[in-house]
Amino acid sequence: MKLDNGKEAVYPEGTTCMDLFKEKTAENKELLAVLIDGKECDLNLPLPANSTVAFVGFDTPQGAEVYRHTASHILAHAVKRLYPDVKLGIGPAIENGFYYDFEFEEPISSDDLSEIEKEMKKIIKERQPIRRREMSRESALQLFEERAEPYKLELIRDLPADTVISCYEQDDFIDLCAGPHLPNTRMVKAFKLTGLAGAYWRGDERNPMLQRIYGTAFPSKERLEQYLNMLEEAKKRDHRKLGRELELFSLHEEGPGFPFFHNNGAVIWQELTDYWRVEHRRADYEEIKTPLILNRSLWEQSGHWDHYRDNMYFSKIDEQDFAIKPMNCPGAMLVYRSKMHSYRDLPRRIAEMGIVHRHELSGTLHGLMRVRSFTQDDAHIFMLPGQVESEVAAIIDLMDRIYRVFGFQYRVELSTRPGKAMGTAEMWDKATNLLESVLEDKEIDYRLNEGDGAFYGPKIDFHLEDCLGRSWQCGTIQLDFQMPEKFDLTYIGEDGGKHRPVVIHRVIYGSMERLIALLIEHYGGAFPVWLAPTQVTVIPVTDRSHEYARQVYDHLKGEGLRVTIDQRNEKVGYKIREAQVKKVPYMLIVGDREVESGQVAVRHRDQGDLGAEDLSNLIGRVKKEVDEKII
RNA sequence: GCCGACGUAGCUCAAUGGUAGAGCAAUUGAUUUGUAAUCAAUAGGUUGGGGGUUCAAGUCCUCUCGUCGGCUCCA
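Residues are numbered in the numbering used here as their position in the first sequence, beginning at 1, plus a constant of 162.
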């Protein structure tokens, strides 16, 4: 037996992991789970010969998973005690917690969670030993037949033939479970039920909806508190809250999912699009504008009528059907097709800040993150088949360059052929392999997302996280062999004949709305100077300095900075507080001393009082921050 | 769309089925202020909307709209 500290040890045959675990926990009480050759393993199993053994605590992914998975069993156990007729779904550990799905006879409400918590505490106190039982498929089926658990029966029937079927048992509670678990319930030290929500059985909306109870568990009350506090802090960065407080945008009943940008939000929008244009011109993109409303025939040709109709809005003009565009691609196709192309013209990169409307389900709307009308920083690249790899690579580079400016961390996913897709399996395989090879070449870590591609092709998605760690898709690169066929796009090749170009759809920001939401949360409302709606505010101390303050203000405005002046009859502290709350980067306090010296007293929102300096110095510093987009 | 919760002044929140209230913001006045809230006064509401129960509804029932947390979906 090799131990994780590199030492080797010999144990008699038949020694269980538990024996060794007891020996180890005597030294370190925080250990939770055993890894045999790197894999989690049940403690009651005998130690396999010649393996490497490691014991891990809560601060490893495996340890936390075992810990929280056990908490989810305690939850199910408590629910079973309180509601004997409840049917069990599944109950895994997830990032930061766990959940369990139940079908109740009568739906419970969030008020019932405290009762369930109480029962869970009881079970923990009872120090119920947790035992693993392996059984044949037949006896497992019989067991859950007797216990009237239809969902468990369905799970057992769907398990592959060679799976070892195991159950975990504590007191009279038994659950189908691969394990492993903690040895007893007392080891769960601190937990809290955090939410109640509906969830379709097996995530399929055709299946019945179960009630999902969310919770989290930590090895100590302090760490639980710490986590809950962190969540509270994160909520202060919520873009919906900051959006209102900083007067960036508003949402109204009159337009659900159709956000209103106020001046402050619009300023950020402008800066973002200005920067975007600079980068895209540099990367040899053209920019177009296409109509919002287009004839039904176009959508039939593009395939949207068949594949995307449920999400589209319609209108009738002169007795003819029109649709409000849900995507920009058909417009770009028409632009491409409006002239002849030589192979020498390709690749042709056509960008468009395109406004699209999609009828998203009402329950999915979420501030600016998920709306029904949004502006995509779209581009369609028309290219020779041989140019695909270099174009995809160039987009990834541009994406990384731009995300870096904001200081974003992102995750990459590769999405493959969905259920309702256009085109042949061969085309899909070819396209998917191509994207994969670019990712491999660039040595980018990515997650495979089976069946999540667009209906016209596979895609590489770039995900960013919001203040609560929820992930949102922003950038995407979608390969498309379909649109060129549908629109009969051609170019004249070297041979003088007509050939089919390949199309890539791509966005980098994703949508302006979602990007702005993420930026608000990313910066907690304290935007870098180049994006800040107000960059500098001038604060006169008394009305004796109003005239000088006005000169300073005019000067800054003349330099093209976004500046305000606070001439209200209030004390300096009050004005400073307000500017701080509004997260204005620079406050210039001018009183008798500054009038005298011809300087300004600079206060930075993070660094505080920086003392007096010449206005020209301050202007130089602010402009440098703007130009270099310093975060 | 589905499940659960919520909706009171611009914002944050009070109000056993019995006269809708506070703080901040706003307005007016006083105060001339030096690095995160000066004092006082005033105004502000068909309690999201419709219907019902009741002598009486912010509160109970019902429909509806919106919001929040999830599921599904997605930029």
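No residue lacks a Cβ here, since even glycine has one placed at the ideal position from N, Cα and C.
Just so we're clear, the structure is a prediction, and the values are computed from it rather than from any experiment.
Span separating the alpha-carbon of residue i from that of residue j
{"i": "GLU801", "j": "ASP768", "result": "Only positions 163 to 793 of the chain appear in this structure, which leaves residue 801 out of reach."}
{"i": "MET180", "j": "LEU205", "result": "5 Å"}
{"i": "ARG419", "j": "LEU413", "result": "According to the sequence shown, residue 419 is Gly rather than Arg. Spanning the two alpha carbons is a distance of roughly 8 Å."}
{"i": "ASN258", "j": "CYS629", "result": "14 Å"}
{"i": "LEU456", "j": "TYR618", "result": "20 Å"}
{"i": "ASP591", "j": "TYR447", "result": "29 Å"}
{"i": "VAL554", "j": "HIS661", "result": "21 Å"}
{"i": "LEU546", "j": "VAL518", "result": "28 Å"}
{"i": "THR325", "j": "ILE336", "result": "19 Å"}
{"i": "ASP642", "j": "PHE484", "result": "24 Å"}
{"i": "GLU407", "j": "ILE682", "result": "12 Å"}
{"i": "GLY465", "j": "LYS737", "result": "57 Å"}
{"i": "GLY168", "j": "TYR261", "result": "37 Å"}
{"i": "GLU787", "j": "VAL691", "result": "6 Å"}
{"i": "ARG739", "j": "ARG563", "result": "36 Å"}
{"i": "LYS383", "j": "ASP221", "result": "15 Å"}
{"i": "TRP363", "j": "GLY631", "result": "24 Å"}
{"i": "PRO492", "j": "LEU460", "result": "7 Å"}
{"i": "ALA340", "j": "HIS239", "result": "17 Å"}
{"i": "SER500", "j": "PRO488", "result": "22 Å"}
{"i": "ILE278", "j": "HIS231", "result": "17 Å"}
{"i": "ARG439", "j": "GLN644", "result": "28 Å"}
{"i": "SER276", "j": "ALA233", "result": "15 Å"}
{"i": "LYS791", "j": "GLU721", "result": "17 Å"}
{"i": "GLU311", "j": "ASN425", "result": "57 Å"}
Closest by C-alpha distance to residue i, when choosing among the options
{"i": "MET371", "options": "LYS791, ILE278, PHE264 and ASP468", "result": "PHE264"}
{"i": "GLN388", "options": "ALA352, LEU358 and ARG406", "result": "ALA352"}
{"i": "GLY698", "options": "GLN742, ARG443, VAL497 and PRO174", "result": "According to the sequence provided, residue 698 is Val. The question's Gly does not apply to it. Nearest of GLN742, ARG443, VAL497 and PRO174 to VAL698, Cα basis: GLN742."}
{"i": "ALA763", "options": "ILE236, VAL757 and ALA774", "result": "ALA774"}
{"i": "ASP199", "options": "GLN224, GLU758, ARG230 and HIS766", "result": "GLN224"}
{"i": "ASP333", "options": "ARG755, GLU202, PHE306 and ASN346", "result": "ASN346"}
{"i": "PRO663", "options": "THR652, VAL228, THR178 and ASP657", "result": "THR652"}
{"i": "VAL218", "options": "ILE543, ALA195 and GLU202", "result": "ALA195"}
{"i": "ARG511", "options": "GLN713, ILE666 and GLU185", "result": "ILE666"}
{"i": "ILE152", "options": "LYS354, PRO747 and VAL703", "result": "In the structure displayed, the chain extends from 163 to 793; residue 152 sits before or after that span and is not available."}
{"i": "GLN304", "options": "GLU202, ILE318, SER271 and ILE292", "result": "ILE318"}
{"i": "PRO695", "options": "HIS503, GLN549, TYR376 and ALA428", "result": "ALA428"}
{"i": "LEU548", "options": "LEU508, ALA583, SER778 and ASP540", "result": "According to the sequence shown, residue 548 is Gly rather than Leu. Of LEU508, ALA583, SER778 and ASP540, the residue nearest in Cα terms is LEU508."}
{"i": "VAL574", "options": "GLU598, GLU588, ARG294 and ALA593", "result": "GLU598"}
{"i": "ASP480", "options": "MET474, TRP467, ASN490 and ARG458", "result": "ARG458"}
{"i": "LEU344", "options": "ALA226, GLY405 and LYS284", "result": "ALA226"}
{"i": "PHE380", "options": "THR187, ALA396, MET349 and ARG399", "result": "MET349"}
{"i": "PRO453", "options": "ALA494, SER535 and LEU434", "result": "ALA494"}
{"i": "ARG280", "options": "ARG243, GLU268 and ILE252", "result": "This sequence places Lys at residue 280; Arg is not what is there. Closest by alpha carbon: ARG243."}
{"i": "SER272", "options": "GLY357, GLU612, GLY613 and ARG309", "result": "GLY357"}
{"i": "ILE430", "options": "GLU416, GLU415, ALA445 and PHE411", "result": "PHE411"}
{"i": "SER778", "options": "ILE486, GLY176, LEU750 and GLY770", "result": "LEU750"}
Cβ separation of residue i and residue j, assumed to be a contact under 8 Å, to the nearest whole Å
{"i": "CYS636", "j": "TYR671", "result": "7 Å"}
{"i": "LEU338", "j": "ALA361", "result": "In fact, because the Cβ distance is near 18 Å, the residues do not count as touching under 8 Å."}
{"i": "ALA711", "j": "VAL725", "result": "Incorrect: roughly 11 Å between the Cβ atoms, too far for contact."}
{"i": "LEU610", "j": "LEU576", "result": "6 Å"}
{"i": "HIS401", "j": "LEU530", "result": "6 Å"}
{"i": "ILE558", "j": "LYS621", "result": "Between LYS621 and ILE558 the Cβ distance is about 13 Å, and since that is not below 8 Å, they are no contact."}
{"i": "THR638", "j": "ARG676", "result": "The Cβ separation is near 12 Å, so there is no contact."}
{"i": "MET297", "j": "CYS329", "result": "7 Å"}
{"i": "ASP540", "j": "GLY516", "result": "5 Å"}
{"i": "HIS442", "j": "ALA556", "result": "Wrong, their Cβ atoms sit about 12 Å apart, outside the cutoff."}
Bridge-paired residues (DSSP) for residue i
{"i": "PHE643", "result": "Its beta-bridge partners do not exist; DSSP assigns none."}
{"i": "SER673", "result": "GLN538"}
{"i": "SER633", "result": "GLU627"}
{"i": "THR178", "result": "PRO208"}
{"i": "THR378", "result": "LYS354"}
{"i": "GLN373", "result": "PHE264 and GLY360"}
{"i": "MET515", "result": "ASP539"}
{"i": "LEU165", "result": "VAL215"}
{"i": "PHE476", "result": "ALA485"}
{"i": "ILE682", "result": "None, per the DSSP bridge assignment."}
Ordered list of beta strand (DSSP E) runs contained in the stretch 709 to 769, each at least 3 residues: 725 to 727, 748 to 752 and 762 to 766
Contained alpha helix (DSSP H) runs [length at least 4] in the stretch 386 to 441, N- to C-terminal order: 401 to 407
4-residue-minimum alpha helix (DSSP H) runs that sit fully inside the stretch 538 to 618, ordered along the chain: 550 to 568 and 587 to 603
Ordered list of beta strand (DSSP E) runs contained in the stretch 292 to 339, each at least 3 residues: 293 to 297, 327 to 332 and 335 to 338
Segments assigned beta strand (DSSP E), at least 3 residues, entirely inside the stretch 190 to 277: 193 to 198, 201 to 203, 214 to 219 and 259 to 265
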